[in-house]
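Undergrad:
Numbering (the numbering used here), first residue to last: 14 to 179.
(1) Helix, strand or coil for residue 45, going by three-state DSSP, please let me know.
(2) Run the CB neighbour count on residue 71, radius 10 Å, all protein chains shown included, and call it buried at 16 or more, exposed below.
(3) Measuring CB atoms only, is the stretch 56 to 66 touching the stretch 132 to 144, in the sense that at least three cross pairs come out at less than 8 Å?
(4) Considering only C-alpha positions, which residue in the set 92, 103 and 164 is nearest to residue 170?
(5) Could you tell me which residues DSSP puts in a beta bridge with residue 98?
(6) Assess contact between the stretch 99 to 115 and the stretch 172 to 179, defined as three or more Cβ pairs (one per stretch) separated by less than 8 Å. Is contact present?
(7) Can you find at least 3 beta carbon pairs, one from the stretch 129 to 136 and one from the stretch 144 to 155, that sit closer than 8 Å?
(8) DSSP state of residue 52, grouped into three classes?
(9) Quick one: Cα of residue 175 to Cα of residue 96, how far?
(10) Check for me: the beta strand (DSSP E) holding residue 151 runs from which residue to which?
(11) I'd like to check one pair, residue 117 with residue 149: are the Cβ atoms closer than 8 Å?
(12) Give every residue of the same chain whose Cβ lies closer than 6 Å to the Cβ of residue 109, excluding the five residues on either side of it in the sequence, and list them in chain order.
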């Protein structure tokens, strides 16, 4: 949750202590012992997004007959990031189905705007890209659902970038 590089780490929730699994950089995950999720609740849905707009992904867990659990990521990680908010003008306003490809140094990442993420939960519609030590995004390509393609070059990191469909 605090490495801010490429992958979105999975989390498992139910009527037991919730568990957070971190990517080890490959296809395997390890349970995080650094994130204290000690309360046992009947959890149902999980939403990911940068709720405090500081460049890292936070987690909100909905709990049955209880208040939500908020896992705010306040790491001191100096990794670079980019958050993209797409605004549709022809296809659909929330840009559901649009795909963004980000190329930064030797790393290529693809994200798609999705409107559903799990049971009674909704992730942030902004797309988060963890960029490691990259100082800029070399190429950013938006493929809108209705077929249009927009490309930006040399995009600064550490910002929320709003892109309107043209």
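Glycine included, every Cβ here is placed at the ideal spot set by N, Cα and C.
TA: Taking the structure as given:
(1) coil
(2) buried
(3) yes
(4) 92
(5) 175
(6) yes
(7) no
(8) coil
(9) 9 Å
(10) 149 to 156
(11) yes
(12) 126 and 128
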